[in-house]
Amino acid sequence: MRKGLTLLFALSMANLIQAQHTPRGTAIDVPGSEIERIVEKTKSAAVSDTQIKVVSINEEYNVGVGVVHRARTHGKQAANGIEHSQITEVYHVISGNATLVTGGNIDNVQEMPATSQVVKVLNGPSSGGGAIVGGVSRKVGPGDVVVIPPNTPHWFSEINSDEVVYLVIRIDPHKVLPAGYAAK
Numbered sequence: 121m122r123k124g125l126t127l128l129f130a131l132s133m134a135n136l137i138q139a140q141h142t143p144r145g146t147a148i149d150v151p152g153s154e155i156e157r158i159v160e161k162t163k164s165a166a167v168s169d170t171q172i173k174v175v176s177i178n179e180e181y182n183v184g185v186g187v188v189h190r191a192r193t194h195g196k197q198a199a200n201g202i203e204h205s206q207i208t209e210v211y212h213v214i215s216g217n218a219t220l221v222t223g224g225n226i227d228n229v230q231e232m233p234a235t236s237q238v239v240k241v242l243n244g245p246s247s248g249g250g251a252i253v254g255g256v257s258r259k260v261g262p263g264d265v266v267v268i269p270p271n272t273p274h275w276f277s278e279i280n281s282d283e284v285v286y287l288v289i290r291i292d293p294h295k296v297l298p299a300g301y302a303a304k
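Sequential numbering from 121 applies to the sequence shown in the working numbering.
Have a look at this one:
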């Protein structure tokens with residue numbers, strides 16, 4: 121009996137060890153050359169948000185990778201606060217300097233139509249409006265990373281250089297972004 125329990129325990133441990141080392145998914149690459157291609161393609165636009173790829177992670181959640189380009193306008197940026205109800209965004213500034221406002225409340229907030237590009241491809245259900253009241257301002261520049269949780273108003277109130285370009289990672293636990301999407 122004791123040998124049987126020992127053997128059963130050993131087999132259970134072997135299965136557990138094997139399960140821990142079994143690959144759970146496949147890594148997805150977004151080469152720097154693709155990011156640079158999008159930056160170059162969108163550099164003449166005043167504002168561009170290009171989703172490069174949306175991947176499904178083991179059918180549990182989606183992750184989007186995109187590049188955003190915002191050019192400086194004369195003076196302050198247009199008041200256009202936004203928040204996303206189901207997506208966490210991670211900004212990694214590639215170039216330029218800007219003032220990012222997060223938190224607080226969006227003036228004249230309205231839900232974005234389900235048919236808009238922002239909702240269908242970029243961020244899922246979102247609301248936008250005017251300036252953010254009561255938010256926290258921070259200067260951001262190359263190398264800085266900002267994590268913006270769902271339902272957190274955000275807005276670039278000022279572009280302090282000619283432009284700001286940042287990589288955006290969108291974490292989508294509710295799978296509202298179109299998995300398999302790839303920029304052309």
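Here a beta-carbon is modelled for each residue, glycine too, at the ideal position from N, C-alpha and C.
These numbers were taken from a predicted model, which means no experiment stands behind them.
How many whole angstroms separate the CB atoms of ILE214 and PRO262, which I take to be in contact at a CB cut-off of 8 Å? Under the criterion of beta carbons closer than 8 Å, ILE214 and PRO262 qualify as touching, at roughly 7 Å.
Entirely enclosed beta strand (DSSP E) segments - the region 229-277, minimum 3 residues: DSSP runs (the beta strand (DSSP E)) wholly in the region 229-277: 246-248, 256-260 and 265-268.
- Report the residue ranges of all beta strand (DSSP E) runs contained in full by the region 162-212; include only those spanning at least 3 residues, in chain order. Counting whole runs of 3 or more residues, the region 162-212 contains the beta strand (DSSP E) stretches 167-177, 181-191 and 202-204.
Check your understanding: So, using beta-carbon positions, are ARG290 and GLY184 closer together than 8 Å?
Key -> Yes, the pair counts as a contact, with Cβ atoms nearer than the cut-off.
> DSSP three-state call for SER153: helix, strand or coil?
Replying inline: Correct three-state label for SER153: helix.
| request: Look at VAL296 and VAL210 and say whether their C-beta atoms are less than 8 Å apart. | output: VAL210 is positioned such that its CB atom lies no closer than 8 Å to that of VAL296.
Inter-residue spacing [alpha-carbon to alpha-carbon] between ASP292 and TYR181 = Spanning the two alpha carbons is a distance of roughly 6 Å.
Candidates VAL239, PHE276 and VAL267, of which the one nearest SER257 by Cα: Of VAL239, PHE276 and VAL267, the residue nearest in Cα terms is PHE276.
Worksheet item: With VAL229 and SER246 assumed to form a contact (beta carbons below 8 Å), what rounded beta-carbon distance in angstroms separates them?
Response: The C-beta distance from VAL229 to SER246 rounds to 10 Å, too long to meet the 8 Å contact threshold.
In angstroms with no decimal places, state the Cα-to-Cα distance between VAL174 and LYS161. VAL174 and LYS161 have their C-alpha atoms some 19 Å from each other.
Please report the distance separating the alpha-carbon of LEU125 from that of ASN271.
Its pLDDT being 48, under 50, LEU125 is placed unreliably in this model, and the coordinates cannot settle the point.
If I'm right that ALA218 touches VAL265 with Cβ under 8 Å, what's the distance once you round it to whole angstroms?
Taking the Cβ atoms as the reference, ALA218 lies roughly 14 Å from VAL265, outside the contact range of under 8 Å.
Beta-carbon proximity check, THR208 vs ILE268, cutoff 8 Å:
Cβ distance < 8 Å, so THR208 and ILE268 count as in contact.
Q) With HIS274 and GLU203 assumed to form a contact (beta carbons below 8 Å), what rounded beta-carbon distance in angstroms separates them? A) Here HIS274 really is in contact with GLU203; their C-beta atoms are around 7 Å apart, less than 8 Å.
- Task: Can you give me the start and stop residues for the beta strand (DSSP E) that ASP292 sits inside?
- Result: Counting along the chain, the beta strand (DSSP E) containing ASP292 begins and ends at 283-292.
Open item on the list: Do ASP227 and GLY250 count as a contact pair if the criterion is CB distance below 8 Å?
Closed with: Yes, these two residues count as a Cβ contact at 8 Å.
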